[in-house]
Amino acid sequence: NAGVMQNPRHLVRRRGQEARLRCSPMKGHSHVYWYRQLPEEGLKFMVYLQKENIIDESGMPKERFSAEFPKEGPSILRIQQVVRGDSAAYFCASSPPTSGITSGANVLTFGAGSRLTVL
Amino acid sequence: AQSVTQLGSHVSVSEGALVLLRCNYSSSVPPYLFWYVQYPNQGLQLLLKYTSAATLVKGINGFEAEFKKSETSFHLTKPSAHMSDAAEYFCAVSLGDKIIFGKGTRLHILP
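Going down the list, the protein sequences come from chains A and B. What the first sequence shows, in the working numbering, is residues 147 to 265, in sequence order. What the second sequence shows, in the working numbering, is residues 2 to 112, in sequence order.
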């Protein structure tokens with residue numbers, strides 16, 4: 147029963163290139179979350195997706211960042227034209243489907259993260 | 002809007018001493034609250050969660066947290082620190098299906 151799988155674990159890009167980070171949720175989990183972690187800043191929520199739907203992208207920068215969770219395959223966080231400030235650890239988490247009574251109580255299962263370095 | 006504040010970005014305790022990591026929340030409705038731990042170069046792991054069933058919540062590795070509505074607090078404690086407890090700890094609150102994390106507290110264990 148594999149956990150949340152993220153790849154690549156480490157990614158190096160030069161300014162202006164594109165970065166694609168992939169996340170496969172736990173089996174049976176239909177919700178995917180992306181967070182960005184910077185030193186001393188904790189985890190910043192970026193986006194929450196279900197299959198083929200973006201539910202909440204209030205934490206995503208308006209430009210250059212996009213996320214998808216297709217019907218088949220992993221969720222992908224895409225950063226276009228990367229800049230040095232994009233260097234961070236990006237964590238994906240997944241959770242099972244929620245119902246009204248349990249909404250909000252679901253535990254997130256995290257991947258090991260993808261560390262992006264922009265040169 | 003829901004949020005959490007963790008007091009102290011770094012806490013140092015001696016091995017065998019009490020661990021106390023502070024978390025205060027703000028929420029307009031009864032919250033769901035969580036503590037997660039992150040070891041170096043790893044993702045976060047759940048320590049415990051509060052879902053209104055009991056105010057004192059026991060978690061893994063001997064940790065527990067007490068929900069105090071009057072103080073809007075959910076502090077994490079462990080009676081006796083172990084070297085393996087050195088990690089970063091995050092308090093979190095749910096906002097619908099979205100989980101909002103505090104900035105984290107790095108726990109250092111002194112020999």
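Cβ atoms here follow ideal geometry from the backbone N, Cα and C, with glycine treated the same way.
Can you give me the start and stop residues for the beta strand (DSSP E) that residue 102/B sits inside?
As a working note, residue 102/B is residue 101 in the second sequence. That run of the beta strand (DSSP E) goes 99-102.
Among 73/B, 23/B and 16/B, whose alpha-carbon lies nearest the alpha-carbon of residue 85/B?
The count along the second sequence starts at 1 and reaches residue 85/B at position 84. Here the closest residue by C-alpha is 16/B.
Output needed for residue 178/A: all residues of its chain with C-beta closer than 8 Å, excluding positions within five of it in sequence on either side, in chain order.
Taking the first residue of the first sequence as 1, we reach residue 178/A at position 32. These residues qualify, in order along the chain: 169, 171, 194, 195, 196, 215, 221, 238, 239 and 240.
Please report whether the beta-carbon of residue 177/A lies at a distance below 8 Å from any beta-carbon of chain B.
Indexing the first sequence from 1 puts residue 177/A at position 31. It does: the Cβ of residue 177/A has a partner Cβ on chain B nearer than 8 Å.
Does the CB of residue 103/B have a neighbour CB from chain A at under 8 Å?
Position 102 of the second sequence, counting from 1, holds the residue named residue 103/B. True, the Cβ-Cβ gap to chain A drops below 8 Å.
Have a look at 166/A, 151/A, 159/A and 148/A and flag the residue whose alpha-carbon is nearest the alpha-carbon of residue 223/A.
Translated into positions along the first sequence, residue 223/A becomes position 77. Ranking 166/A, 151/A, 159/A and 148/A by Cα distance to residue 223/A puts 166/A first.
If you reduce the DSSP assignment to three classes, tell me which class residue 172/A lands in.
Sequence index remark: in the first sequence, residue 172/A carries index 26 (1-based). Correct three-state label for residue 172/A: coil.
Where does residue 62/B sit, in a helix, a strand or coil, going by DSSP?
Translated into the one-based positions of the second sequence, residue 62/B becomes position 61. Residue 62/B: helix per DSSP, three-state reduction.
Could you tell me the distance, in whole angstroms, from the CA atom of residue 198/A to the CA atom of residue 243/A?
Start at 1 with the first residue of the first sequence, and residue 198/A comes out as number 52. Start at 1 with the first residue of the first sequence, and residue 243/A comes out as number 97. One C-alpha to the other measures close to 14 Å.
Please determine if the stretch 15-33 of chain B and the stretch 45-55 of chain B are in contact, where contact requires at least 3 C-beta pairs separated by less than 8 Å.
yes
In this structure, how does DSSP classify residue 231/A when only helix, strand and coil are distinguished?
Indexing the first sequence from 1 puts residue 231/A at position 85. Helix, per DSSP.
Can you pull the chain B residues whose beta carbon is under 7 Å from the beta carbon of residue 253/A, in chain order?
Against the first sequence, residue 253/A aligns to sequence position 107. What residue 253/A touches in chain B: 47 and 50.
Distance check for residue 153/A and residue 268/A, CA to CA, integer angstroms please.
Coverage of chain A is limited to positions 147 through 265, which leaves residue 268/A absent and any answer about it impossible.
Name, please, each residue of chain A whose Cβ falls closer than 9 Å to the Cβ of residue 91/B.
Counted from its first residue, the second sequence places residue 91/B at position 90. Per Cβ cutoff of 9 Å: 188 and 189.
Grouping DSSP H, G and I as helix and E and B as strand, with all else coil, what is residue 85/B?
Translated into the one-based positions of the second sequence, residue 85/B becomes position 84. Reduced to three states, the DSSP call for residue 85/B is helix.
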